[in-house]
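A.B. asks: Residue numbers (UniProt numbering), protein chains in the order written: chain A, 1 to 383; chain B, 1 to 188; chain C, 1 to 157; chain D, 1 to 666.
Please read through the structure below; I'll follow up with questions.
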Amino acid sequence: MIWGIFVLLTLVAIGIVLYPLLLSKSNTLTRGDAVPAILADQMREIQRDMDRGLISEQEAQAARLEIKKRILATTRNSEEKAGSSRNGGRVTLVVAAVLAPVIAAGYYLTMGSPEVPSMAFAARAEERAQTDEVTALAIQLRERLVSDPTGGPSEGWMLLGQTYQRMGRAADAVEAFEVVAEREDATSATFSMLAEAVAVANDGVVIPRAKLAIDRALDLDPSNPAATYFESLYYFQQEETRKAYDLLVSRLNQEEAYVPWMETYAAQINRIAAAADLPVVNLPSGPTSQPGPSAADVAAASEMNDADRAEFIRSMVSRLAERLEDEPDDLDGWMRLANAYTVLQEPDRAVEAYRKAEALLEQQPASDPRRAAVRAALERLGG
Amino acid sequence: MKRLIAGLPFIAAVIFGVFFLWGLNPDRDPNEIPSVLISQPAPAFDLDPVPGLETPGLARSDLVGNERPVVVNVFASWCVPCRAEHAVLTRFVEREGMRLFGINYKDKPEDAVKWLNDLGNPYERIGSDLSGRTGIEWGLSGVPETFIVDGDGTVLFRYVGPVVGPDAVERFTQALKQAGALPKGAAS
Amino acid sequence: MRQLIFAFCIGLFPFAANAVEPDEMLTDPVLEQRAREISKDLRCVVCQNQDIDSSNAGVARDLRLLVRERLVVGDSDAEVIEYIRARYGDYVLLKPPLEPATYALWFAPIAFVLIGVFVGGGLLMSRRKQEAFEDLGSEDENTVSEILRQNEAGDAS
Amino acid sequence: MVPEIGHFALALALALALVQSVLPIAGASRRNAVWMKSAQATAIGQVLFVAIAFAALMQAFIVSDFTVRNVVENSHSLKPMLYKVAGTWGSHEGSLLLWILILAVFGAGVAWFGSNIPAETKARTLSVQAWISVGFLSFLLLTSNPFERVFPPPLDGNDLNPLLQDMGLAMHPPLLYFGYVGFSIVFSFAVAALLEGRVDPAWARWVRPWTLAAWVSLTAGIALGSWWAYYELGWGGWWFWDPVENVSFMPWLLGTALLHSAIVTEKRDAFKSWTILLAILTFSLSLLGTFIVRSGLLTSVHAFAVDPERGLYILGLLAVSIGGSLALYAWRAPEMEPGGLFRPISREAGLLVNNLILAAATGTVLFGTLYPLILEAITGDKISVGPPFFNAAFIPMMLALVVFMGLGPFLSWKRADIAGLLDRIRFVVVLAFIAALAAWYLLNGGPIMAYLAILGAAWLLFATLREWALRIRLFEVPLAESARRARNLPRASHGMTLAHAGVAVLMMGMIGSTGWKSEEIVFAAPGTEVTIAGFDITFEGATQVQGPNYIADRGTLVVRRDGELVTTLFPERRYYPVAESQTTESAIRSTLAGDLYTSIATPASDQVNNAGAWTLRILYEPLVNLIWIGSILLVIGGCLSLSDRRLRVGAPRRAKQPASDAVPAE
């Protein structure tokens with residue numbers, strides 16, 4: 001379709017260039033024709049002015065004389081050149097008619113994006129509805145967590161924080177993560193997400209408060225890639241470029257196989273490298289989609305725009321579910337999924353997920369607090 | 001003569017063109033406002049501390065008689081670029097031994113206190129300029145601005161806008177070194 | 001377009017203010033009038049090309065207050081302007097002072113007018129000689145009237 | 001898909017422009033009729049393709065297609081439809097596309113309507129026009145592509161600046177561009193004439209309608225911009241001598257000079273090289289304006305993002321077009337024969353003075369606008385050149401101009417009869433003085449300059465009317481005869497009368513609103529009363545109202561005079577959350593005698609604010625509407641001249657009928 005229109009436009013352009021070939025040869029207007037017409041009009045104008053009494057007979061006479069002289073001059077001038085008009089050069093015209101579309105097509109093929117579809121705002125209602133839904137869900141989730149007398153499950157707060165973060169409401173995300181950060185069950189990821197949210201809330205600056213969270217995150221898990229990422233960002237902002245660079249590169253080198261966050265790492269390393277004239281890194285191309293939101297996804301989310309974030313949120317729950325299909329032994333994963341479904345008000349699925357978690361908990365010591373949590377949840381859900 | 005007159009517009013156009021080319025120099029900021037303070041004594045002022053902070057207030061007398069030049073930074077919690085700059089200034093204080101004084105410009109004290117608690121407080125002294133009058137004395141055109149003041153109270157350098165990014169930091173570092181504001185043997 | 005800069009000002013300064021406000025004004029109408037006039041000649045340093053009298057920026061308000069303060073103390077208009085200039089330099093004066101650096105600016109209009117007088121006068125003098133009336137020869141006269149006749153239809157309406 | 005069609009159409013337009021920039025002019029020098037004729041088709045083809053591109057961009061704005069980066073950055077789904085449409089030219093890229101569209105429209109206009117222009121002249125002119133097209137199309141495509149795509153698209157746009165969400169401003173750029181860019185074709189005519197080495201009365205006649213069309217649009221555009229500033233910015237000013245205003249004003253001043261000097265060229269075959277120079281310089285100043293607005297060269301309040309690469313590209317275009325044309329001028333102009341002779345007191349001399357004053361005024365504005373840059377380049381000092389300078393330098397020149405404006409139409413060509421002239425204007429001079437003295441007596445105060453200006457405006461108005469009365473012999477012959485004479489006058493003559501009278505009216509508006517403006521600024525709580533210019537205004541409080549994409553504080557002001565209700569005004573202060581900016585919507589009671597102008601704001605001081613008070617700014621601007629009325633008169637006058645039949649003297653048909661001595665019936 002689009003190429004058909006391009007062809008049509010091109011044909012029109014070719015037709016336009018070739019059009020003079022259709023014209024008759026003789027009707028070229030020359031100066032000798034055009035100028036006296038105007039001068040004659042001026043003669044009439046003088047007559048009219050005289051009739052109106054605006055100029056005297058003597059003035060009119062002088063003016064007429066001037067114009068007559070001009071008419072004579074024009075006639076003589078054009079007589080000299082008359083008759084030399086040619087009608088050749090048709091080949092040139094054809095060449096131009098061919099060349100013009102070639103230039104246009106050459107430009108367009110390098111600069112155009114014919115593959116990108118148009119998307120009118122009105123046609124994207126579904127996309128919007130999903131975003132609105134996420135917003136509504138976040139509100140519901142928050143209400144439930146706040147009204148929970150036990151302060152709400154940490155997983156719920158984490159989910160809320162991540163949702164806020166992806167909605168671009170970093171300050172709210174900080175609040176949510178901080179609830180968990182003060183609890184016993186805070187993990188390394190809790191702190192690295194908190195650090196990210198704090199940084200995003202402060203225009204991307206890793207302020208001391210964020211640095212504290214990073215330190216905690218690395219204490220709990222020195223291999224947390226998101227924490228290292230933000231630690232590096234901190235040093236980068238402190239103008240300690242070399243340190244920032246080395247941190248990222250050494251963490252990258254610890255991995256043997258491809259993991260998705262490497263893309264983010266590589267991008268940041270190369271940014272630093274460009275600023276500080278250091279060698280760039282090239283990632284071996286790996287699988288492009290790995291299930292589950294990883295820490296680096298979170299890091300990447302900070303560089304996303306709002307729309308990307310919205311997309312990210314929507315897919316989060318389903319990605320988690322998909323991942324758990326492949327990794328059915330992830331206890332915390334099932335807990336988180338169950339919680340998410342609870343919030344999404346899909347009790348059946350929530351129950352199902354809690355059952356999976358319950359099964360896995362069989363292998364855990366009886367004192368594991370998660371047992372109680374799952375039992376309580378199942379009771380609430382009537383499962 | 002006639003030819004000369006006919007050529008005048010062309011010559012004028014070329015002259016204007018040269019000025020335009022100069023004006024397009026990317027290093028030139030048409031919004032930059034020159035300072036009259038450079039090489040002049042720092043203005044007289046005496047500011048109270050920010051209520052709720054333990055950091056003492058700032059007056060002109062604090063800028064005089066120091067063995068090394070000191071840095072005066074005008075900041076405010078409502079100023080977005082100040083956050084980014086804060087980290088850089090903190091580093092200069094912690095790592096390079098720069099002495100930093102602050103003027104808290106038209107800021108609510110409680111906001112300023114919270115801001116400094118969040119970000120840390122690298123300032124030796126902070127004067128609270130609630131009315132903005134001291135800002136005018138310094139010829140302030142926006143926040144943040146950073147000055148280097150010599151031991152005898154002469155303003156040596158002024159930086160308009162946040163000292164953020166390699167170019168700005170480089171310029172600022174150069175100015176600090178030139179002024180001798182960093183202790184000898186300091187790192188970097 | 002001017003207001004785009006306001007947005008900029010609001011970003012830079014905490015309190016989105018307005019142009020002159022009643023609480024800034026002096027009770028003495030003569031002094032107030034002088035203050036307004038002075039304010040119109042002072043440039044708001046954050047809002048490009050705007051005088052402090054109409055600027056909404058916070059610093060413009062501070063400057064307006066300062067101008068009035070100086071007037072109350074008894075400064076002359078020139079002294080007030082000098083006071084501000086001492087802090088912000090020539091840049092704040094919307095009416096550049098007459099000094100060597102601005103001679104070219106201030107004398108340019110006069111120079112332009114003088115050039116005009118010179119060129120115009122020269123032209124008028126050179127063109128004033130009386131034109132000789134030379135009638136066309138009869139042959140030319142015929143050519144012309146033939147052409148005129150051909151073109152008569154062109155516009156007859 | 002649609003944006004891609006637009007993009008491709010632009011590429012085709014560039015290709016056609018390339019053909020048009022070479023073939024016709026080569027045809028003109030080699031006398032090849034086919035090549036020359038190709039200009040007409042390509043010129044019309046160009047406008048077709050650029051219009052397709054423009055329509056494609058507009059469609060993207062209308063449906064909020066956020067796969068187009070330009071739409072994302074300058075629109076929002078919630079924006080009212082009208083401003084979505086206006087968003088098409090709200091950005092640098094879109095406005096440049098509009099610029100190019102208008103460029104193509106003028107080229108096509110000459111191709112379509114210029115049937116009375118000889119083929120050679122037309123071919124050269126259109127080729128030169130195509131050079132400009134090639135320059136700007138390549139600029140657009142290489143540095144500022146309006147059809148850049150984003151995929152996946154963001155959910156919503158970043159909004160257009162709320163200040164631009166205003167009818168006046170939405171229409172202001174297209175009109176202004178029509179003026180700016182319209183002078184391009186005059187420029188092309190001038191360069192073609194230089195290449196051809198000939199300028200004559202016929203040339204002036206061919207150029208005149210285009211000059212007029214451009215001038216009328218520019219006049220309307222500037223007036224509309226000024227009007228917008230007046231009611232949108234909230235303090236009742238209408239001209240600020242901002243660099244951006246200046247760069248649109250300079251082509252207007254020179255364009256006005258060109259309009260007048262071309263008359264001399266047309267009537268008397270004189271001022272030829274001067275007219276050519278004006279034609280080149282007028283468009284050069286338009287280009288300069290484009291450059292300044294888009295390069296960030298000067299500190300100005302301009303809407304376009306600054307990009308040094310773009311600045312360099314436009315400077316390159318400027319160097320080629322302005323430098324090239326002026327070099328050509330320096331080379332060819334001295335060879336032009338001087339035109340007819342005239343006496344120091346004659347219509348020619350009057351127009352010469354008019355031109356010199358306008359040129360000096362343009363030079364002053366140009367110099368004042370660029371002086372800070374020049375000084376900074378030379379000494380590094382930064383200074384400001386503001387309204388006080390421009391007022392001091394510009395106003396006296398304009399007053400001198402007004403004197404000659406009144407005088408000029410009385411003068412006859414070649415040499416005027418001084419005694420007769422004095423006889424005719426004596427009465428007018430006396431009347432003007434009486435008017436000024438009456439104003440002095442009645443108004444009792446105000447600046448001396450204002451009275452001088454009143455004298456000037458009165459002189460101009462009376463002189464213009466007197467001259468018109470003379471033409472139709474008003475009161476000398478029966479009224480019916482006068483009416484017949486008025487009908488028979490060429491439209492251009494009425495046009496001149498209207499335009500000159502418009503200037504007088506405009507001046508009165510300016511004088512009234514600057515010299516006798518009154519102002520009250522108060523903190524108002526509900527119930528506060530303010531008295532200004534005979535109006536008693538009661539503030540009844542403010543409420544918050546929700547607009548389509550803004551929240552506003554709306555004040556209610558009841559206006560009474562002598563106890564009787566006059567009107568109720570609702571000034572607003574709007575906050576646009578998406579764009580995070582505020583606008584002032586003043587409420588104005590407009591009458592011919594003056595505007596009661598009100599605006600509302602939140603007080604700067606928290607203390608006052610917390611006490612529930614608002615800052616009310618109430619102005620009375622006497623006669624301010626005369627500024628717009630005068631501008632409208634100027635525009636109507638221009639349009640009348642444009643409709644003059646003489647501008648369309650057709651191509652000669654070889655007359656078959658015998659010559660007749662009869663005066664053609666009119």
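Even glycine gets a Cβ: it sits at the ideal position worked out from N, Cα and C.
Quick caveat, the model's predicted, so the values are computed rather than measured.
In the region 156-185 of chain B, which residues sit with their C-beta less than 8 Å from some C-beta in chain A, listed in chain order?
C.D. replies: Answer set for the region 156-185 of chain B: 166 and 169.
A.B. asks: Classify residue 203 (chain D) as buried or exposed, calling it buried when 16 or more other Cβ atoms lie within 10 Å of its own Cβ.
C.D. replies: Position 203 of the fourth sequence, counted from the first residue, corresponds to residue 203 (chain D). The residue in question, residue 203 (chain D), is buried, as its Cβ has 16 or more Cβ neighbours within 10 Å.
A.B. asks: With DSSP as the reference, label residue 196 (chain D) as helix, strand or coil.
C.D. replies: In the fourth sequence, residue 196 (chain D) corresponds to position 196, counting from 1. It is helical.
A.B. asks: Using a Cβ-Cβ distance under 8 Å, would residue 39 (chain B) count as near chain C?
C.D. replies: For the purposes of this step, residue 39 (chain B) is identified with residue 39 of the second sequence, where counting begins at 1. Not closer than 8 Å to any Cβ of chain C, the Cβ of residue 39 (chain B) fails to qualify, so no.
A.B. asks: Distance, Cα to Cα, residue 14 (chain D) vs residue 110 (chain C)?
C.D. replies: By one-based count along the fourth sequence, residue 14 (chain D) stands at place 14. By one-based count along the third sequence, residue 110 (chain C) stands at place 110. Each residue's Cα considered, the two are about 46 Å apart.
A.B. asks: Express the C-alpha separation of residue 144 (chain A) and residue 178 (chain A) in angstroms, rounding to a whole number.
C.D. replies: By one-based count along the first sequence, residue 178 (chain A) stands at place 178. By one-based count along the first sequence, residue 144 (chain A) stands at place 144. Spanning the two alpha carbons is a distance of roughly 17 Å.
A.B. asks: Would residue 295 (chain D) pass as an interface residue toward chain B - the criterion being a Cβ-Cβ separation below 8 Å?
C.D. replies: The count along the fourth sequence starts at 1 and reaches residue 295 (chain D) at position 295. It does: the Cβ of residue 295 (chain D) has a partner Cβ on chain B nearer than 8 Å.
A.B. asks: Cutting at 6 Å between CB atoms, please list the residues of its own chain near residue 16 (chain D), excluding the five before and the five after it.
C.D. replies: In the fourth sequence, residue 16 (chain D) corresponds to position 16, counting from 1. Counting only Cβ-Cβ distances below 6 Å, and skipping sequence neighbours, we find 42, 45 and 46.
A.B. asks: Does the region 71-91 of chain C come within contact of the region 21-38 of chain C, defined as at least 3 CB pairs closer than 8 Å?
C.D. replies: Output reads yes: the region 21-38 of chain C touches the region 71-91 of chain C.
A.B. asks: Return the CA-CA distance between residue 669 (chain D) and residue 148 (chain C), expressed in angstroms with no decimal places.
C.D. replies: In the structure as shown, chain D starts at 1 and stops at 666, and residue 669 (chain D) therefore has no counterpart that could be examined.
A.B. asks: May I ask you to list the residues that DSSP assigns as paired with residue 520 (chain D)?
C.D. replies: Start at 1 with the first residue of the fourth sequence, and residue 520 (chain D) comes out as number 520. Partner(s): D:618.
A.B. asks: On the DSSP bridge assignment, give the partners of residue 157 (chain B) in chain order.
C.D. replies: Working through the second sequence from its first residue, we reach residue 157 (chain B) at position 157. DSSP, once it has assigned bridges, lists B:148 as partnering residue 157 (chain B).
A.B. asks: If the criterion is Cβ atoms closer than 8 Å, does the pair residue 432 (chain D) and residue 633 (chain D) meet it?
C.D. replies: The residue you call residue 432 (chain D) lines up with position 432 of the fourth sequence. The residue you call residue 633 (chain D) lines up with position 633 of the fourth sequence. Not a contact, by the Cβ cut-off of 8 Å.
A.B. asks: What separation, rounded to the nearest whole angstrom, lies between the Cα atoms of residue 149 (chain D) and residue 118 (chain A)?
C.D. replies: Here residue 149 (chain D) refers to the residue found at position 149 of the fourth sequence. Here residue 118 (chain A) refers to the residue found at position 118 of the first sequence. Going from the Cα of residue 149 (chain D) to the Cα of residue 118 (chain A) covers about 9 Å.
A.B. asks: Along the region 50-62 of chain C, where does the CB come closer than 9 Å to a CB of chain B? Name the residues.
C.D. replies: Listed in sequence order: 58, 59, 61 and 62.
A.B. asks: Can you tell me whether residue 587 (chain D) is helix, strand or coil according to DSSP?
C.D. replies: Looking up residue 587 (chain D) in the fourth sequence gives position 587. Strand at residue 587 (chain D).
A.B. asks: Taking only runs that begin and end inside the region 146-202 of chain A, name each unbroken alpha helix (DSSP H) of 4 or more residues, in chain order.
C.D. replies: Complete alpha helix (DSSP H) runs here, min 4: 154-167, 170-181 and 188-201.
A.B. asks: Could you tell me whether the Cβ atoms of residue 384 (chain A) and residue 180 (chain A) are closer together than 8 Å?
C.D. replies: The question about residue 384 (chain A) has no answer here: the residues shown for chain A are numbered 1 through 383.
A.B. asks: So which residues on chain F does residue 71 (chain A) lean against when the C-beta distance must stay under 7 Å?
C.D. replies: The structure shown contains no chain F; the protein chains it does contain are A, B, C and D.
A.B. asks: Span of the alpha helix (DSSP H) holding residue 51 (chain A)?
C.D. replies: Taking the first residue of the first sequence as position 1, residue 51 (chain A) is located at position 51. That run of the alpha helix (DSSP H) goes 31-51.
A.B. asks: Provide the residue span of the beta strand (DSSP E) that contains residue 595 (chain D), from first to last.
C.D. replies: The residue given as residue 595 (chain D) occupies position 595 in the fourth sequence. Per DSSP, residue 595 (chain D) belongs to the beta strand (DSSP E) from 594-601.
A.B. asks: Would you report the Cα separation of residue 124 (chain C) and residue 342 (chain D), rounded to the nearest angstrom?
C.D. replies: Taking the third sequence and counting its residues from 1, one reaches residue 124 (chain C) at position 124. Taking the fourth sequence and counting its residues from 1, one reaches residue 342 (chain D) at position 342. When rounded, the distance between both Cα atoms is 8 Å.
A.B. asks: Going along the region 585-618 of chain D in order, which residues come within less than 8 Å of chain C, judged by CB to CB distance?
C.D. replies: So the list reads 601, 602, 603, 604, 605, 606, 608, 615 and 617, given in the order they occur along the chain.
A.B. asks: Determine, using beta-carbon pairs with one atom in the region 276-294 of chain D and one in the region 306-321 of chain D, whether at least three such pairs fall under 8 Å.
C.D. replies: With the cut-off at 8 Å, the region 276-294 of chain D and the region 306-321 of chain D touch.
A.B. asks: Closer than 7 Å between beta carbons: that is the criterion. Which residues of the region 194-210 of chain A meet it against chain B?
C.D. replies: So the list reads 202, 203, 205, 207, 208 and 209, given in the order they occur along the chain.
A.B. asks: How close, in whole Å, do the beta carbons of residue 397 (chain D) and residue 450 (chain D) come, if the pair is a contact with beta carbons under 8 Å?
C.D. replies: For the purposes of this step, residue 397 (chain D) is taken as residue 397 along the fourth sequence, with counting starting at 1. For the purposes of this step, residue 450 (chain D) is taken as residue 450 along the fourth sequence, with counting starting at 1. Actually they do not touch by this definition, with Cβ atoms about 17 Å apart.
A.B. asks: Could you give the first and the last residue of the continuous alpha helix (DSSP H) run that contains residue 17 (chain B)?
C.D. replies: Taking the first residue of the second sequence as position 1, residue 17 (chain B) is located at position 17. Here the alpha helix (DSSP H) through residue 17 (chain B) covers 2-23.
A.B. asks: Roughly how many angstroms lie between the CA atoms of residue 130 (chain D) and residue 7 (chain B), to the nearest whole one?
C.D. replies: Within the fourth sequence, the letter at position 130 stands for residue 130 (chain D). Within the second sequence, the letter at position 7 stands for residue 7 (chain B). Approximately 26 Å between the Cα atoms of the pair.
A.B. asks: With residue 369 (chain D) and residue 243 (chain D) assumed to form a contact (beta carbons below 8 Å), what rounded beta-carbon distance in angstroms separates them?
C.D. replies: Residue 369 (chain D) sits at position 369 when you count from the first residue of the fourth sequence. Residue 243 (chain D) sits at position 243 when you count from the first residue of the fourth sequence. Confirmed, Cβ separation roughly 5 Å.
A.B. asks: Helix, strand or coil for residue 40 (chain B)? Go by DSSP, reduced to three states.
C.D. replies: Indexing the second sequence from 1 puts residue 40 (chain B) at position 40. Coil, per DSSP.
A.B. asks: What did DSSP end up calling residue 111 (chain B) once you bin it into helix, strand or coil?
C.D. replies: Position 111 of the second sequence, counted from the first residue, corresponds to residue 111 (chain B). Residue 111 (chain B) falls in the helix class under three-state DSSP.
A.B. asks: Could you name the residues of the same chain whose beta carbon sits closer than 6 Å to that of residue 227 (chain A), not counting the 5 residues immediately before and after it, in chain order?
C.D. replies: The residue given as residue 227 (chain A) occupies position 227 in the first sequence. Excluding sequence neighbours, residue 227 (chain A) sits near 192, 214, 217 and 218.
A.B. asks: Taking Cβ positions, are residue 482 (chain D) and residue 491 (chain D) nearer each other than 8 Å?
C.D. replies: On the fourth sequence, residue 482 (chain D) is found 482 positions in, with the first residue counted as 1. On the fourth sequence, residue 491 (chain D) is found 491 positions in, with the first residue counted as 1. No.
A.B. asks: Can you list the residues of chain A that residue 140 (chain C) reaches, using a CB-CB cut of under 8 Å?
C.D. replies: The sequence position of residue 140 (chain C) within the third sequence is 140, counting from 1. Residues of chain A passing the Cβ test: 68 and 72.
A.B. asks: Ignoring anything shorter than 4 residues or poking outside the UniProt domain "CcmH/CycL/Ccl2/NrfF N-terminal" (9-148) of chain C, list the alpha helix (DSSP H) runs there in chain order.
C.D. replies: DSSP runs (the alpha helix (DSSP H)) wholly in the UniProt domain "CcmH/CycL/Ccl2/NrfF N-terminal" (9-148) of chain C: 29-40, 58-73, 77-88 and 100-126.
A.B. asks: Is it the case that the region 35-49 of chain A contacts the region 194-211 of chain D, given that we only count it when at least three CB pairs across the two stretches are under 8 Å?
C.D. replies: Verdict: yes, contact present.
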